[in-house]
Structures are given as structure tokens and as C-alpha cells.
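In the working numbering, each residue's number is its place in the sequence shown (first place is 1) plus 3.
Even for Gly, the Cβ is constructed at its ideal location relative to N, Cα and C.
Notes for the one structure printed next.
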Amino acid sequence: MENRLDLQAEAYKAMYALETYLQHTQLSKSHKELIKIRASQINGCAYCINMHTKDALQQGETAQRIFLLNAWKETHLFTAEEKAILAMTEEITLIHQNGLSDQTYELAQKYFDQEYISQLIMAIVTINAWNRIAISTNKSIEE
């Protein structure tokens, strides 16, 4: 598939402002990459899956955890905190199904303060926006 278009510079500027914000949060690199990969898997964004699995591997994530990310509920490879983040990621990404449930929000509150939860939500929202941009513009995977 050919790229359809490049978004206007102003549109990207707004998205990069979100990325800049996220770079200055308390979120760990590992948490950010788990969010980015899992949301991209759900959304079927090959461009973002490719980019963020490479980034995660470069940051020390294991291939096994990446391979099993779409089955995180059935494995013990992820911590309780990571499972709370992944549950949030799935529910926010699939917001049309019920949104972020009280149960998942309360689970997140066991591990994270309000500021961290806010940052998690913004990270999830941001990658979902990037997924939609990449898919809508037919962004191709860079080899």
C-alpha cells in the first residue's frame, strides 16, 4: 500500500506536543512500550507494532514477553502492576465496549497514585491517536 498523505505540519506538531509531555512524565519506558505495543496490536497498526517492538527490544524488553503480550492474562511473565496497565490499555482502546471499568480503575489505584494513572491514560490515548493516523494514511513499515 502507498502512503495516502502526510498530515500537515501543524497536526503533527500537536501530536508531538503529547509525546513531549509523555517524555517528561514519571512513566517508565517499559510501561510506555507495553502500552504502545498492546494498543497497536488491538488496533491492527502494523507500522506502530513494528516501531514499538523494536524500541522495546532496544530498551531491554524480552522477546518472550513481547510474543506473549496479546495473551498477558494467561501468563505469569507480567507483574501485577503491568497487568493493571494492560487492562487499562485494553479497556480504553476498546472504549466502545464499556470504557475504563470501575474494577480496572480501582485495581490501578492499588499500584499507582492519581498522577501516574493520569499519565497512563494520556499515554494510552496518545498511542491510539497515532494508530489511527498511521492506519488512515496507510503509513508503511520502514524496513
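Cβ neighbours of residue i in the same chain (closer than 7 Å, five flanking residues each side left out)
i	result
residue 80	67, 68 and 71
CA-to-CA distance, residue j to residue i, given in whole angstroms
i	j	result
residue 195	residue 103	The shown model of the chain, from 4 to 146, leaves out residue 195, and the question about it has no answer.
residue 124	residue 95	8 Å
residue 132	residue 30	19 Å
residue 42	residue 87	14 Å
residue 93	residue 107	10 Å
residue 109	residue 60	31 Å
residue 73	residue 83	16 Å
residue 111	residue 119	9 Å
residue 114	residue 44	25 Å
residue 52	residue 65	15 Å
residue 143	residue 122	29 Å
Buried versus exposed call for residue i [16 or more other C-beta atoms within 10 Å across all chains shown]
i	result
residue 135	exposed
residue 35	buried
residue 50	buried
residue 97	exposed
residue 99	exposed
residue 146	Its pLDDT being 44, under 50, residue 146 is placed unreliably in this model, and the coordinates cannot settle the point.
Close-in-space but distant-in-sequence residues of the same chain around residue i (CB under 6 Å, 5 per side omitted)
i	result
residue 138	48
residue 62	32
Residue i, enclosing alpha helix (DSSP H) - first and last residue
i	result
residue 72	Segment: none, residue 72 is in no alpha helix (DSSP H) and carries neither H nor E.
residue 36	32–46
Own chain, CB closer than 8 Å to residue i, minus 5 neighbours either side, in chain order
i	result
residue 127	38, 42, 91, 92, 95 and 96
Going along the chain, which unbroken runs of the alpha helix (DSSP H) with 4 or more residues stay wholly within the stretch 87–126? DSSP assignment within the stretch 87–126 yields the following whole alpha helix (DSSP H) runs of 4 residues or more, N-terminal first: 105–114.
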